[in-house]
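Read in order, the letters of the sequence shown correspond to residues 116 to 589 in the working numbering.
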Amino acid sequence: MTKPYANLIGGEMISTTATMDVVNPATEEVIGTVPACGKDELDRAVAAARTAFRSWSKTPIEQRRAVIQAISATIKENADELHRLLTAEQGKPHQQAIGEIIGASMMAGAQSTLELDDEVNEDSDARISRTRRVPVGVVGGIVPWNFPVMMAVQKIVPALLSGCTIVLKPSPFTPLTTLRLAELIKDVVPAGTVNIITGEDSLGPLITSHPGIDKITFTGSTATGKKIMEGASRDLKRITLELGGNDASIVLPDADVEKVAEQLFWSSFTNAGQICVAAKRVYIHEDIYDELSKAIADYARTVKVGDGAQQGTGVGPVQNRKQFERVCELIQDAKDQGYQFLLGGDVDPSGTGYFVPITILDNPPEDARIVAEEQFGPVMPLMKFSTDEEVIERANASDYGLAGAVWTKDTDRGVRIAEQLETGTVWINEYMHLSPFVPFGGHKQSGFGAEYGKEGLLEFTYPQVITVRKNAAV
């Protein structure tokens, strides 16, 4: 029997007559139904958030921390149930789902310790001036389907810590775990501070344009981010956009082939490649290209593609049919152009589940669609390069600038290259390391603003300067 789920609005779990089905991407079976909200439900959620904001914004930060820490503890206590539900709706293997759930709990707990201290600008004989941070107001959060729990928590936590309240919209593809979390925290958070509503993609523009929402925080595609930025401009909403990436990994000739092959594989294929900072273009120095490309392909053959709920699965399905069809289209284009494959490339679109075999391309040209476009699937193009200058130019030849990586024994050389890459984050000899205390954001068309760390928290605040004239004659 399909389980119905409800929305969290004003401290109550609310159902609607109109509903949406949620499908398991591995089996294509309906596993849950959720409310299909429209303007009326959104208005109700925003009204609840605005009412709660009056008191929550004045709540001492230590009390706000305690609520966030309770959210963190609730996630951890229910991790077994949540990670299984996450695998069922998102597709990622259990081990990766556990990582997301526990990671969300740890991230929330760690970020609860961030400070919003006043800054003294001047303390002279004439005056004292300080800058304080005040909450923006009601936040509209729009969450993607690749990391639905982590991204939901990453929007809820800084909103609450700053004194804001939030109306959160999960992806229509992956709302179940977030709604179950809503049930679990209903009595943990003050009524109206966190509201979680579900709906089709049409609900997003209603959130963006709603006059009762003061800030939008969105994680998703660059195309949608542009529409959100346009919509938010009508009443000058504050925005944070974490958008797409076509992230380049650069492997220098001194890299240890045996050690980096497995790491490079997972930098591309974790979560079936559906990560904004996954390695989507891998540049390997020509001196080690043949040896390393073979080692990566050999390792890939040992990784099982299948249902994330089955033991031993390393790479699950693509999350939804629309993305599955896009990845298949890019692979077919590569085949039509005659590009060479080291592995994969044969997709059965008629089978059950949105499964794409691990696909590795052998030195396609820079203008190939599968190189120039963000694949967001289990596809890895490997390309040769000769010099540092050449690979830096090629890596930067993209509208995106989210993240990148350099692999080398010579870390000084790695840093020199990293400093010339036009991206918000560059890792050297690791990948996808994010910290609750370190800002994360994109350059160019990969985003606007930052998440995580003090900078991410400040995105939910306005600066207010208070200046007092000393010994004034009044």
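All residues carry an ideal CB built from backbone N, CA and C; glycine is no exception.
Computed from a predicted structure; not experimentally measured.
Let's see if you can read the secondary structure: which residues bound the alpha helix (DSSP H) around residue i?
{"i": "Glu-345", "result": "337-347"}
{"i": "Phe-439", "result": "436-451"}
{"i": "Lys-301", "result": "Note, Lys-301: premise wrong, no alpha helix (DSSP H); not H, not E."}
{"i": "Glu-204", "result": "194-205"}
{"i": "Thr-323", "result": "318-324"}
{"i": "Asp-155", "result": "154-171"}
{"i": "Ala-73", "result": "Residue 73 lies beyond the stretch modelled for the chain, which goes from 116 to 589, so this question has no answer here."}
{"i": "Gln-560", "result": "It is not in any alpha helix (DSSP H) - Gln-560 carries neither H nor E in the DSSP assignment."}
{"i": "Glu-215", "result": "209-226"}
{"i": "Ile-485", "result": "484-487"}
For the beta strand (DSSP E) holding residue i, just list the boundary residues, first then last.
{"i": "Leu-458", "result": "455-458"}
{"i": "Val-583", "result": "576-584"}
{"i": "Leu-283", "result": "280-284"}
Can you check DSSP and say which residues form a bridge with residue i?
{"i": "Lys-118", "result": "Gly-147"}
{"i": "Ile-399", "result": "Val-366, Lys-499"}
{"i": "Phe-555", "result": "Glu-566"}
{"i": "Ile-129", "result": "Asn-122"}
{"i": "Asp-477", "result": "Gln-455, Leu-497"}
{"i": "Gly-519", "result": "Ala-363, Val-541"}
{"i": "Phe-333", "result": "Ile-257, Leu-356"}
{"i": "Thr-428", "result": "Lys-419"}
{"i": "Ile-311", "result": "Leu-123, Leu-283"}
Once DSSP output is grouped into helix, strand and coil, what is the label at residue i?
{"i": "Pro-496", "result": "strand"}
{"i": "Asp-136", "result": "strand"}
{"i": "Tyr-469", "result": "coil"}
{"i": "Val-235", "result": "strand"}
{"i": "Tyr-246", "result": "A small fix is needed here, since residue 246 is Thr in this sequence, not Tyr. The answer is strand: DSSP assigns Thr-246 an E or B state."}
{"i": "Thr-526", "result": "helix"}
{"i": "Val-264", "result": "helix"}
{"i": "Val-433", "result": "coil"}
{"i": "Val-506", "result": "helix"}
{"i": "Pro-273", "result": "helix"}
{"i": "Thr-189", "result": "helix"}
{"i": "Ala-533", "result": "helix"}
{"i": "Tyr-546", "result": "coil"}
{"i": "Gly-571", "result": "helix"}
{"i": "Leu-407", "result": "helix"}
{"i": "Glu-230", "result": "coil"}
{"i": "Ala-306", "result": "coil"}
{"i": "Ile-176", "result": "helix"}
{"i": "Val-182", "result": "helix"}
{"i": "Gly-327", "result": "coil"}
{"i": "Asp-413", "result": "helix"}
{"i": "Ala-241", "result": "coil"}
{"i": "Gly-252", "result": "coil"}
Relative to the alpha-carbon of residue i, which residue among the options has its alpha-carbon at the smallest distance?
{"i": "Met-221", "options": "Tyr-398, Val-272, Pro-263", "result": "Val-272"}
{"i": "Gly-335", "options": "Ser-383, Ala-424, Gln-438", "result": "Gln-438"}
{"i": "Glu-489", "options": "Met-265, Thr-202, Gly-360", "result": "Gly-360"}
{"i": "Phe-552", "options": "Lys-341, Arg-528, Glu-566", "result": "Glu-566"}
{"i": "Tyr-469", "options": "Val-506, Thr-502, Val-433", "result": "Val-433"}
{"i": "Asp-158", "options": "Ile-399, Asn-310, Ser-227, Val-304", "result": "Asn-310"}
{"i": "Leu-229", "options": "Val-253, Ala-274, Ile-217", "result": "Ala-274"}
{"i": "Ser-383", "options": "Ile-343, Thr-339, Gly-346, Leu-497", "result": "Leu-497"}
{"i": "Gln-226", "options": "Gln-389, Glu-177, Glu-143", "result": "Glu-177"}
{"i": "Ile-213", "options": "Leu-231, Asp-233, Glu-192, Asp-232", "result": "Glu-192"}
{"i": "Gln-269", "options": "Asn-586, Tyr-577, Gly-568", "result": "Gly-568"}
{"i": "Pro-464", "options": "Glu-143, Val-137, Gly-252", "result": "Glu-143"}
{"i": "Gly-126", "options": "Val-235, Ala-241, Val-303, Ile-343", "result": "Val-303"}
{"i": "Thr-174", "options": "Thr-132, Ser-277, Arg-247", "result": "Ser-277"}
{"i": "Phe-500", "options": "Asn-478, Phe-491, Ala-188, Ala-487", "result": "Asn-478"}
{"i": "Gly-529", "options": "Glu-545, Arg-584, Gly-516", "result": "Glu-545"}
{"i": "Pro-320", "options": "Ser-550, Ile-343, Val-366", "result": "Ile-343"}
Please state whether the Cβ-Cβ distance between residue i and residue j is less than 8 Å.
{"i": "Leu-291", "j": "Tyr-120", "result": "yes"}
{"i": "Glu-315", "j": "Gly-556", "result": "no"}
{"i": "Gly-423", "j": "Thr-148", "result": "no"}
{"i": "Leu-428", "j": "Pro-140", "result": "It should be noted that the sequence gives Thr, not Leu, for residue 428. Contact flag unset, no."}
{"i": "Pro-493", "j": "Ala-387", "result": "yes"}
{"i": "Ile-124", "j": "Ala-163", "result": "yes"}
{"i": "Pro-285", "j": "Thr-313", "result": "yes"}
{"i": "Ile-186", "j": "Ala-223", "result": "yes"}
{"i": "Pro-368", "j": "Ile-403", "result": "yes"}
{"i": "Gln-205", "j": "Trp-260", "result": "yes"}
{"i": "Ala-394", "j": "Leu-407", "result": "no"}
{"i": "Ser-295", "j": "Leu-445", "result": "In the sequence as presented, Ser is not what sits at residue 295; that position holds Arg. Taking 8 Å as the Cβ cut-off, Arg-295 and Leu-445 do not qualify as a contacting pair."}
{"i": "Trp-522", "j": "Ala-370", "result": "yes"}
{"i": "Gly-519", "j": "Leu-536", "result": "yes"}
{"i": "Thr-332", "j": "Val-430", "result": "no"}
{"i": "Ile-473", "j": "Ala-415", "result": "yes"}
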